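Chemist: The following block contains the structure, expressed as structure tokens.
Residue numbers (the numbering used here), protein chains in the order written: chain A, 1 to 222; chain B, 1 to 195.
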């Protein structure tokens, strides 16, 4: 009878924790083992003392969740951005820009999926299987004027902040969501070619030469 | 009468069955170039637009266009030819930009990009779709493009250098004779005044 109670208590303790763990981390594995061990011990000792058992369970659950959160997310990320945009307006009919972001986290983890807020629209960033730390964002504009020249700030969201953003219903709540980071898109603008073509200068120079000669000629003849 | 009702019933059933496709999402992929001209040695920008029509999210989207632009003929400058997205929400419109540099001139054909995605997270069945294609394009040589669009400053400088003997040499002759004549004229005036 006592053995049955212990096993059922153990099952009650283990199953919710298994639901929460989905990514491997050595820290989490250690904590999970501590959790299971301690709750097993508690259930063995204080099988009938329900209040103590509940308290222990709550405290351990809180600790596990904290460890999970700290273990999975990326802390204090550093961004290295390479931005490229169409510069020549005679070669291209529309403007397009591409950002290549390399994210480096202090605890060595990668953020998973990143979402970027471009002109009010939040879209996921592309990744490539060959380079795991890089994220790509593409921006396309229909005319050259639509892609703003200069520096445009782009906010980045990771999975957690993105889900918080989706849940936010009001304007204030949306603004209150803390983004994962912020990068800048630097678009130096498009060039249509030189202001004055070189033919203009050639015509001016030769025109001056001709005018000087004509003046001398009229002086001689007239 | 009976036949009519049966036919109408069959029509309704077929309409209902055909409408179940609205439940699923479909990913439309377009592939375009923003260039007016494709020039050898200059940047070629290609943009892939992905649009998720339909009410559900698509997962594990993989775009593969490596076969269209072999590295022997194209150099990849910016972006990747094999991007992947973990999820694209319903109604989302994404753009992916790739910048290449053609190494050779002539006519070249770029075919469809292959996109694979899963319609649901649990169902591992992969749906395969193709993007639109750009088709045959003519890659002009750098010289052709420069003939039309470069700033020609060097050409004008060379032209001036070549044309200057034709102008400078007669000018020099005239200038010498003018100086001689003016010298003579001033000498004459001086002697006349002295007289």
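Note that the Cβ used here is the ideal one computed from N, Cα and C, for glycine as well. As the structure is a computational prediction, the values presented were derived from the model and not from experiment.
I want to verify the contact list: residues of chain B whose CB lies under 9 Å from the CB of residue 132 of chain A, in sequence order.
Modeler: Working through the first chain from its first residue, we reach residue 132 of chain A at position 132. Per Cβ cutoff of 9 Å: no residues; residue 132 of chain A is ~11 Å from chain B at best.
Chemist: Which residues in chain A sit within 9 Å of residue 57 of chain B, going by Cβ to Cβ distance?
Modeler: Along the second chain, read from residue 1 onward, the residue named residue 57 of chain B stands at position 57. Residues of chain A passing the Cβ test: none, with the nearest at roughly 10 Å.
Chemist: Taking residue 208 of chain A as part of the beta strand (DSSP E), name the residues at either end of that continuous run.
Modeler: Within the first chain, residue 208 of chain A is the residue found at index 208, counting from 1. Note, residue 208 of chain A: premise wrong, no beta strand (DSSP E); alpha helix (DSSP H) at 198-221.
Chemist: Using a Cβ cut-off of 7 Å, which residues of the stretch 163-184 of chain A contact any Cβ in chain B, in chain order?
Modeler: Answer set for the stretch 163-184 of chain A: empty.
Chemist: Mind checking if residue 202 of chain A is an interface residue toward chain B, Cβ cutoff 8 Å exclusive?
Modeler: Here residue 202 of chain A corresponds to residue number 202 of the first chain, with the count starting at 1. Yes, residue 202 of chain A lies at the interface with chain B (some Cβ there is under 8 Å from its Cβ).
Chemist: From the DSSP output, in three-state form, read off residue 151 of chain A for me.
Modeler: Your numbering for residue 151 of chain A matches position 151 in the first chain. Three-state DSSP puts residue 151 of chain A in a strand.
Chemist: If distances are taken between C-alpha atoms only, which option among B:159, B:148, B:143 and B:185 comes closest to residue 40 of chain B?
Modeler: For the purposes of this step, residue 40 of chain B is taken as residue 40 along the second chain, with counting starting at 1. Of the listed residues, the one whose Cα sits closest to residue 40 of chain B is B:143.
Chemist: If you draw a straight line from the alpha carbon of residue 125 of chain B to that of residue 197 of chain A, how long is it in whole angstroms?
Modeler: Taking the first residue of the second chain as position 1, residue 125 of chain B is located at position 125. Taking the first residue of the first chain as position 1, residue 197 of chain A is located at position 197. Each residue's Cα considered, the two are about 59 Å apart.
Chemist: Can you tell me whether DSSP reads residue 140 of chain B as helix, strand or coil?
Modeler: Against the second chain, residue 140 of chain B aligns to sequence position 140. Strand, per DSSP.
Chemist: Look at residue 138 of chain B and residue 95 of chain B and say whether their C-beta atoms are less than 8 Å apart.
Modeler: Translated into the one-based positions of the second chain, residue 138 of chain B becomes position 138. Translated into the one-based positions of the second chain, residue 95 of chain B becomes position 95. Going by C-beta atoms, residue 138 of chain B is not nearer than 8 Å to residue 95 of chain B.
Chemist: Just grab the DSSP bridge partners of residue 102 of chain B for me.
Modeler: One-based indexing of the second chain puts residue 102 of chain B at position 102. In DSSP, residue 102 of chain B forms a bridge with B:74.
Chemist: Find the residues of chain B that neighbour residue 127 of chain A, judging by a C-beta separation of less than 9 Å, and give them in chain order.
Modeler: For the purposes of this step, residue 127 of chain A is taken as the residue at position 127 of the first chain. Near residue 127 of chain A (Cβ distances below 9 Å), the residues of chain B are 80, 83, 84, 85 and 86.
Chemist: Mind listing the chain B neighbours of residue 113 of chain A? Cutoff is C-beta to C-beta under 9 Å, in chain order.
Modeler: In the first chain, residue 113 of chain A corresponds to position 113, counting from 1. The contacting residues are 85, 86 and 87.
Chemist: Quick check on residue 100 of chain A - is its C-beta less than 8 Å from some C-beta in chain B?
Modeler: Taking the first residue of the first chain as 1, we reach residue 100 of chain A at position 100. With 8 Å as the cut-off, residue 100 of chain A counts as an interface residue toward chain B.
Chemist: Hey, does residue 209 of chain A have any beta-carbon neighbour from chain B nearer than 8 Å?
Modeler: Numbered from its first residue, the first chain carries residue 209 of chain A at position 209. So, interface residue.
Chemist: I'd like the list of long-range same chain contacts for residue 111 of chain A, defined as Cβ closer than 8 Å, with 5 residues on each side in sequence excluded.
Modeler: On the first chain, position 111 is the one that residue 111 of chain A refers to. Answer for residue 111 of chain A: 73, 74, 77, 103, 105, 158, 159 and 180, listed in chain order.
Chemist: Would you call residue 94 of chain A buried or exposed, if buried means 16 or more other Cβ atoms sit within 10 Å of its Cβ?
Modeler: One-based indexing of the first chain puts residue 94 of chain A at position 94. Buried, because 16 or more other Cβ atoms sit within 10 Å of the Cβ of residue 94 of chain A.
Chemist: How would you label residue 1 of chain A, buried or exposed, when you count the other beta carbons within 10 angstroms and need 16 or more for buried?
Modeler: Taking the first residue of the first chain as position 1, residue 1 of chain A is located at position 1. Any reading at residue 1 of chain A needs caution, since the residue's pLDDT is 48, under 50, leaving its predicted position unreliable; the model's value is listed next. By the 10 Å Cβ count, residue 1 of chain A comes out exposed.
Chemist: Just to confirm my understanding: we take residue 117 of chain A, look at its own chain, exclude 5 residues before and 5 after, and list those with CB closer than 6 Å. What are they?
Modeler: On the first chain, position 117 is the one that residue 117 of chain A refers to. So the qualifying residues of the chain are 155.
Chemist: Could you tell me which chain A residues have their CB closer than 9 Å to the CB of residue 53 of chain B, listed as they occur along the chain?
Modeler: Here residue 53 of chain B refers to the residue found at position 53 of the second chain. None at all; the shortest Cβ gap to chain A is about 16 Å.
Chemist: Nearest CA to the CA of residue 181 of chain B: which residue from A:86, A:220, A:130 and A:56?
Modeler: Position 181 of the second chain holds residue 181 of chain B. That would be A:220, whose Cα lies nearest to the Cα of residue 181 of chain B.
Chemist: Would you kindly report the start and end of the unbroken beta strand (DSSP E) that includes residue 154 of chain B?
Modeler: Sequence index remark: in the second chain, residue 154 of chain B carries index 154 (1-based). From DSSP, residue 154 of chain B is part of no beta strand (DSSP E) but of the alpha helix (DSSP H) over 153-194.
Chemist: I need the boundaries of the beta strand (DSSP E) containing residue 95 of chain A, first residue and last residue.
Modeler: In the first chain, counting from the first residue as 1, residue 95 of chain A sits at position 95. Segment 95-104, the beta strand (DSSP E) holding residue 95 of chain A.
Chemist: So, does the CB of residue 139 of chain A fall closer than 8 Å to a CB anywhere in chain B?
Modeler: Position 139 of the first chain, counted from the start, is the residue given in the question as residue 139 of chain A. So yes, residue 139 of chain A belongs to the interface.
Chemist: Of the residues B:99, B:90 and B:59, which one's Cα is nearest the Cα of residue 136 of chain A?
Modeler: For the purposes of this step, residue 136 of chain A is identified with residue 136 of the first chain, where counting begins at 1. Closest by alpha carbon: B:99.
Chemist: When you compare the CB of residue 149 of chain B with every CB in chain A, is at least one pair closer than 8 Å?
Modeler: For the purposes of this step, residue 149 of chain B is taken as residue 149 along the second chain, with counting starting at 1. Taking Cβ atoms only, chain A reaches closer than 8 Å to residue 149 of chain B, which makes this a yes.
Chemist: Find out if the Cβ-Cβ distance for the pair residue 29 of chain B, residue 113 of chain B is shorter than 8 Å.
Modeler: Along the second chain, read from residue 1 onward, the residue named residue 29 of chain B stands at position 29. Along the second chain, read from residue 1 onward, the residue named residue 113 of chain B stands at position 113. Yes, these two residues count as a Cβ contact at 8 Å.
Chemist: On the DSSP bridge list, what partners appear for residue 131 of chain A?
Modeler: Sequence index remark: in the first chain, residue 131 of chain A carries index 131 (1-based). Note: residue 131 of chain A sits in a beta bridge opposite A:128.
Chemist: Is DSSP giving residue 11 of chain B helix, strand or coil here?
Modeler: On the second chain, position 11 is the one that residue 11 of chain B refers to. The answer is helix: DSSP assigns residue 11 of chain B an H, G or I state.
Chemist: May I ask you to report which of helix, strand or coil DSSP gives residue 50 of chain A?
Modeler: For the purposes of this step, residue 50 of chain A is taken as the residue at position 50 of the first chain. In the structure shown, residue 50 of chain A sits in a helix (DSSP, three-state: H, G or I).
Chemist: Could you check whether the Cβ of residue 42 of chain B sits closer than 8 Å to any Cβ belonging to chain A?
Modeler: Indexing the second chain from 1 puts residue 42 of chain B at position 42. Yes, residue 42 of chain B counts as interfacial toward chain A.
Chemist: Is any beta-carbon of chain B found at less than 8 Å from that of residue 187 of chain A?
Modeler: The residue given as residue 187 of chain A occupies position 187 in the first chain. Output row for residue 187 of chain A: interface = no.
Chemist: Check residue 58 of chain A in the structure and name its three-state DSSP category.
Modeler: Within the first chain, residue 58 of chain A is the residue found at index 58, counting from 1. Helix.
Chemist: Can you confirm whether the stretch 81-98 of chain A touches the stretch 139-147 of chain A when touching is taken to mean that 3 or more C-beta pairs between the two stretches lie within less than 8 Å?
Modeler: Yes: the two stretches touch, three or more of their Cβ pairs being nearer than 8 Å.
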